[in-house]
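Inspection log for the structure reproduced underneath, given as structure tokens.
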Amino acid sequence: MRLNKRVFGYEMTFLNKTAMAMVVASITVSGCTSMQIGDTMYNGYVIDQQSLNLIPVGSSREQVLLTMGTPSTTATFDSEVFYYISQKRTRAAAFMKPRLVEQTVLAIYFDKDGVIARRANYTLQDGKVFDTISRTTPTGGRDLTFLQQLLSGGTGAASGGAAAARSIFQNLGN
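Under this note's numbering, the first residue of the sequence shown is numbered 1437, with each subsequent residue one higher.
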């Protein structure tokens, strides 16, 4: 006894359906295993041990700049310090936010004569993760969205918008 079923105007036997399901399943499984979905991103200065060997304690500032290049950032207070920052970030898929996996900060401290007094290498385990790119300063108080500011009345230009919004809502209710 043959099992026939009419699908979209075509007769399909049970064996044809099974074969089609197996083909679709094998393509799906093989596609998932052969694709590399995640990403690894490297940012900043990649520290090289050979370059570090060229600038021992007592080297000049110029020698550091020639060997290591321009630092990622410098200290603005106290003595002069060059910071070379590198980060490794990963994400599971292209649409996901990258997660910080590894961070290294090479700090080169100079004395008042402009020669290396000491070097330090900091990692994530040595301290807090800090954002070196956004350059934003958090402010006190509540963070309100535009709509919350509009509806709360606010001060200045926002208070006029709140009165207009209230009158619109009142007119809709009538």
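Beta carbons: idealized from backbone N, C-alpha and C, even for Gly.
Assigned exposure category for residue 1537 - 16 Cβ within 10 Å defines buried: exposed
Neighbourhood of residue 1567 by C-beta distance below 6 angstroms, restricted to the same chain and skipping five residues each side: Because the pLDDT at residue 1567 is just 48, under 50, the model does not fix this residue reliably, and the value given afterwards should be weighed accordingly. There are no such residues.
Contact under 7 angstroms by Cβ, residue 1558 with residue 1522: no
Simplified DSSP state of residue 1532, which is helix, strand or coil: coil
Host beta strand (DSSP E) of residue 1522 (start-end): 1517 to 1527
Residue environment, residue 1504, which counts as buried when at least 16 other CB atoms sit within 10 Å: buried
Through-space distance from residue 1494 to residue 1570, alpha-carbon basis: Below a pLDDT of 50, predicted positions are generally treated as unreliable, and residue 1570, at 48, falls in that range; no measurement from the model is reported.
Distance between residue 1477 and residue 1553 (C-alpha atoms, nearest Å): 33 angstroms
Per-residue burial, residue 1518 [other beta carbons within 10 Å of its own, 16 or more giving buried]: buried
Residues of its chain near residue 1470, where Cβ-Cβ distance is below 7 angstroms and the 5 sequence neighbours each way are ignored: Here the model assigns residue 1470 a pLDDT of 48, short of 50, so the residue's position is not dependable, and the following value carries that caveat. The answer is none, since no qualifying residue turns up.
8 angstroms CB neighbourhood of residue 1539 in its chain, flanking five on each side removed: 1521, 1522, 1523, 1524, 1559, 1560, 1565
Range of the contiguous beta strand (DSSP E) that encloses residue 1503: Note, residue 1503: premise wrong, no beta strand (DSSP E); alpha helix (DSSP H) at 1497 to 1504.
Outcome for residue 1604 when other beta-carbon atoms lying within 10 angstroms are tallied against a minimum of 16: exposed
Where the beta strand (DSSP E) through residue 1552 begins and ends: 1552 to 1559
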